[in-house]
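Report on the structure given below.
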Amino acid sequence: MFVRSLLLVVIFALSACATGPRTHAIFEPDTDFSVFSTFGFVESLALADGQYRGIEERYLIESIRKELSARGLTESQEAELLVNFHVSQKEKLRTTTTPSSSVGYYSYRGGAGYHGSVGMSFETRTSQYTEGTLNIDVIDAEDRQVIWEGVAVGRMKETPPE
């Protein structure tokens, strides 16, 4: 249940994608998630002086808090589970080639009848888009090992959702 819940956070976090994100989650099969009662975020999420937290980062933190709290976990400074995430964007090109055909007919002046022709060609289109990737790691704080990892990859929309 814990794994599914966190995967939902990954999916909702990339809901700004134009098409549904591709998601993937792996976890330690011998880990009993029911023994954990507290969570926290890794220290690298803390900000240095003069920096600020973006809207997306605040949204992710709040979504993770909400989902883990709904599963009975409590946020704590002495957490048993640590959560880390990373968001990245990459510009990509997509090229598609489609066949196209044309049919035509013509006649010669003073000629005998009509003549036809069929043409076949290929049309290639290239489009640029932004692909977003979200990685969420859940770490056992005691042995500092990742016990769950979720990844979502999707095409980003041109405009943010309203």
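Counting from 1, position 138 in the sequence shown corresponds to residue 1181 in the numbering used here; the numbering is continuous, with no gaps. Just so it is clear, CB atoms sit at the ideal spot from N, CA and C, and this is done for glycine as well. Only a predicted model underlies this, so the values are computations on that prediction, with no experimental measurement involved.
| Could you give the residue range of the beta strand (DSSP E) that holds residue 1195? | 1188–1198
| query | Taking C-beta to C-beta, are residue 1113 and residue 1082 nearer than 9 angstroms? | reply | no
| said: Going by beta-carbon coordinates alone, are residue 1126 and residue 1111 separated by less than 9 angstroms? | reply: yes
| message | Quick check: residue 1084 and residue 1098, are their CB atoms within less than 9 angstroms of each other? | response | no
| request: Please determine if the region 1068–1075 and the region 1189–1204 are in contact, where contact requires at least 3 C-beta pairs separated by less than 8 angstroms. | output: yes
| field | Cα-Cα separation between residue 1118 and residue 1132, rounded to whole angstroms | value | 29 angstroms
| query | Apart from the five residues on each side of it in sequence, which residues of its chain come closer than 6 angstroms, Cβ to Cβ, to residue 1180? | reply | 1127, 1189 and 1192
| query | Which residue or residues does DSSP assign as beta-bridge partners of residue 1065? | reply | 1196
| field | Contacting residues, own chain, Cβ-Cβ under 6 angstroms from residue 1168 (five flanking each side not counted) | value | 1139
| query | Do residue 1213 and residue 1174 have their C-beta atoms closer together than 9 angstroms? | reply | Lying before the first or after the last residue shown, residue 1213 is absent from the chain, which here runs from 1044 to 1205.
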